[in-house]
Each structure stands twice: as structure tokens, then as C-alpha cells.
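Per our numbering, the sequence shown starts with residue 16, numbered consecutively.
Worksheet: the structure to be examined is printed underneath.
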Amino acid sequence: VCGSNVVDILRLAFLDSNGVSYTLQPTDPWVYDHAAALTTKPQGYSIVTSDTRTLRLHPTPTENGTLHCVFTSYGLTLDGTGSFFSLPDEMVPFAKWGAIAALLGYDGQGHDPALASYCRSRWEEGVELAKLLTGDNYV
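The structure is reproduced here in C-alpha cells:
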């Protein structure tokens, strides 16, 4: 059972008693319920629909093991007391590249190191451009 602060599971792995790790993929439980089990190690998982915080491993492991879970959790509640900052219109696209680079760099279904690297390069170009335009080395 996952904690109540779990928003999404990014990566789930089963570590068996011999220390071997099996990365689990999100799957449709119907496939495993209606197919002959070819292995005793879990290959996938699903979230039980009656309670979104319960995981079901497919197939059910026949030995003890440990689950390693990387997940996104709820952050702080926004209360509108954050900080405002101004960003010149010319720099907005570079902020977007920085945000996309961060998102693609995380573990999970959207993980894409090559595209994250490209986006990070665009972000870094924007930082250098901002330094040139403002004459500020502290950007």
C-alpha cells in the first residue's frame, strides 16, 4: 500500500531474496490473469481501482522480496504568498526549455536523456544571453 501523498509512480522494481532487481512495468491485470505464468517473478504492476493507493504485482511473487518505488508526491499547499519576479519577454522561451529539461531528466515514463540534454543546452544558451544583455555575471 502506498502512502496517501503519492501522486504517481515513476519507477517500481522488485528486489528478490538473492538481490536481483526486476524493473516492473505498468500493466493491465487482465493480461496476467488470463495468461499462463511463465515466471514466478513479478513482471508488472497495476493500481487497484477500488483504492488508488494499492498496488498489485503481476504475477504474484512466490518468494519474499522488497519493492523499490520512486514516486511523485504532493508538495506544499500553495497559499499565494510566493515570490514574484519579472522576466523579459525575450527570456521566456529559455525558461520553458529549462522546465522541459528538468521534467525530461526525472526517472519515469517521460524520461528522455537525449532530449533533456538538448533542452538543457537551450536553457544554458538563454542564461548566457541574459548575462550578455544585462552585463550581469550573477544571472
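We treat Cβ as the ideally placed atom computed from N, Cα and C, and that holds for glycine.
Could you check how far apart the C-beta atoms of residue i and residue j are, in whole angstroms? I think they sit under 8 Å.
i: Leu72; j: Leu93; result: Not really, about 35 Å apart at Cβ, beyond 8 Å.
i: Ser98; j: Val21; result: 28 Å between Cβ atoms; not a contact.
i: Pro10; j: Thr54; result: With the chain covering 16 to 154 only, the question about residue 10 has no answer from this structure.
Could you tell me which residues DSSP pairs with residue i in its beta bridges?
i: Pro41; result: Tyr60
i: Thr12; result: Here the chain covers residues 16 to 154 and nothing more, so residue 12 does not appear.
i: Ile24; result: Phe86
i: Leu30; result: Ser36 and Thr81
i: Leu70; result: Ile62
How big is the Cα-Cα spacing for residue i and residue j?
i: Phe109; j: Glu140; result: 8 Å
i: Gly59; j: His126; result: 18 Å
i: Lys56; j: Lys111; result: 41 Å
i: Glu143; j: Arg135; result: 12 Å
i: Ser32; j: Asp122; result: 25 Å
i: Thr175; j: Ser101; result: A query on residue 175 cannot be resolved here, the shown segment of the chain reaching from 16 to 154 and no further.
i: Tyr133; j: Ala116; result: 8 Å
i: Val46; j: Ala145; result: 53 Å
i: Leu130; j: Ala114; result: 12 Å
i: Asp43; j: Leu91; result: 32 Å
i: Val63; j: Asp23; result: 13 Å
i: Leu30; j: Pro128; result: 25 Å
Use the C-beta contact count for residue i: other C-beta atoms within 10 angstroms, 16 or more gives buried, fewer gives exposed.
i: Gly150; result: exposed
i: Trp138; result: buried
i: Pro41; result: exposed
i: Leu27; result: buried
i: Gly80; result: buried
i: Leu119; result: buried
Does the structure place the region 103-117 close enough to the region 73-87 that three or more beta carbon pairs sit under 8 Å?
no
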